[in-house]
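Before any comments, here is the structure.
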Amino acid sequence: DAGVTQSPTHLIKTRGQQVTLRCSPKSGHDTVSWYQQALGQGPQFIFQYYEEEERQRGNFPDRFSGHQFPNYSSELNVNALLLGDSALYLCASSLGAGAGETQYFGPGTRLLVL
Amino acid sequence: SQQGEEDPQALSIQEGENATMNCSYKTSINNLQWYRQNSGRGLVHLILIRSNEREKHSGRLRVTLDTSKESSSLLITASRAADTASYFCFSGGYNKLIFGAGTRLAVHP
Numbered sequence: 001d002a003g004v005t006q007s008p009t010h011l012i013k014t015r016g017q018q019v020t021l022r023c024s025p026k027s028g029h030d031t032v033s034w035y036q037q038a039l040g041q042g043p044q045f046i047f048q049y050y051e052e053e054e055r056q057r058g059n060f061p062d063r064f065s066g067h068q069f070p071n072y073s074s075e076l077n078v079n080a081l082l083l084g085d086s087a088l089y090l091c092a093s094s095l096g097a098g099a100g101e102t103q104y105f106g107p108g109t110r111l112l113v114l
Numbered sequence: 115s116q117q118g119e120e121d122p123q124a125l126s127i128q129e130g131e132n133a134t135m136n137c138s139y140k141t142s143i144n145n146l147q148w149y150r151q152n153s154g155r156g157l158v159h160l161i162l163i164r165s166n167e168r169e170k171h172s173g174r175l176r177v178t179l180d181t182s183k184e185s186s187s188l189l190i191t192a193s194r195a196a197d198t199a200s201y202f203c204f205s206g207g208y209n210k211l212i213f214g215a216g217t218r219l220a221v222h223p
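Residue numbers (this note's numbering), protein chains in the order written: chain A, 1 to 114; chain B, 115 to 223.
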């Protein structure tokens, strides 16, 4: 049973560039949530995708966008990168969107913006 | 920041001792969950307690929930060195999905 996978594992970008992170959910899951975790902090909710639509969104600017594909995999796109976007980006999958279903996390993508 | 609050921020104990960490949240919830994270890797789900429950046990874990005080606690009994990690509470609300800032637990042999 494949768990949640994310790619790439590490990424280095420069300010102003754009980045795309990818996530494949746990088998059988249909909902993907994305989180940003700065060093020493808890994960902050970016958005959640269910049935190929953004269902919930946290307090992140429009530079952060996403997509969910028919196979439930998802992408997180960040445009016009800022130094402050450097963080661990975590993808979590669950069964059904809504009020806090149990989430299964991938290992994360560590993004460094120079 | 959307984060809930946890205390203590850091906890250092000896193997065999119990560890208690607390979480306060500020949204109406459907459930409260606890997760563990080792060394900046992905989070692992530990236990979920629903808003109509007051206490739940799973192995060495005991979690309590007080919705009137908007708080929860996680107790790890008979701690082991392998319990060394960061622990986060997660409040699953109807319009908000919020993690606390975490408690860093160090268990010394």
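Just so it is clear, CB atoms sit at the ideal spot from N, CA and C, and this is done for glycine as well.
Residue(s) in a DSSP beta bridge with residue i
| i | result |
| --- | --- |
| A:R110 | A:H10 and A:L88 |
| B:G206 | B:N145 and B:L211 |
| A:G161 | No answer is possible for residue 161 of chain A: it lies beyond the span of chain A, which begins at 1 and ends at 114. |
Residues of its chain near residue i, where Cβ-Cβ distance is below 6 Å and the 5 sequence neighbours each way are ignored
| i | result |
| --- | --- |
| B:E169 | T178 |
| A:L21 | L76, Y89 and T109 |
| B:S115 | Any answer about B:S115 is weak, because its pLDDT of 45 lies below 50 and its placement is not dependable; what the coordinates show is given next. Hits under 6 Å: none found. |
| A:Y50 | T31 and A97 |
| B:L157 | Y149 and Q151 |
| A:Q18 | N79 |
Distance between beta carbons of residue j and residue i, contact taken as under 8 Å
| i | j | result |
| --- | --- | --- |
| A:Q37 | A:A87 | 6 Å |
| B:K176 | B:S200 | Per the sequence presented here, residue 176 of chain B reads as Arg, with Lys not at that position. With a Cβ gap of about 19 Å, B:R176 and B:S200 do not count as contacting. |
| A:G66 | A:L82 | In fact, because the Cβ distance is near 18 Å, the residues do not count as touching under 8 Å. |
| A:S74 | A:V32 | 4 Å |
| A:P70 | A:E52 | 7 Å |
Heavy atom of the ligand MN within 8 Å of residue i beta-carbon
| i | result |
| --- | --- |
| A:K13 | Ligands in the displayed structure: none, and consequently the ligand MN is not present. |
Residues near residue i in its chain [Cβ-Cβ closer than 8 Å; skip 5 each side]
| i | result |
| --- | --- |
| A:F105 | V4, L90, C91 and A92 |
Contact set for residue i: own chain, Cβ-Cβ below 7 Å, skip 5 residues either direction
| i | result |
| --- | --- |
| B:T198 | L219, A220 and V221 |
| A:R57 | F47 |
Length at least 3, wholly inside the stretch 120 to 197 of chain B: the beta strand (DSSP E) runs in chain order
With a minimum length of 3 residues, the continuous beta strand (DSSP E) runs that stay inside the stretch 120 to 197 of chain B are 124 to 128, 133 to 138, 143 to 151, 157 to 164, 169 to 172, 175 to 180 and 185 to 190.
Tell me, please, whether the stretch 12 to 26 of chain A touches the stretch 80 to 97 of chain A by the rule of three or more beta-carbon pairs shorter than 8 Å.
Result yes; three or more Cβ-Cβ pairs closer than 8 Å.
Evaluate contact between the stretch 153 to 162 of chain B and the stretch 122 to 133 of chain B, counting only Cβ atoms and requiring at least three cross-stretch pairs below 8 Å.
Touching, no, given that fewer than three Cβ pairs across the two stretches are closer than 8 Å.
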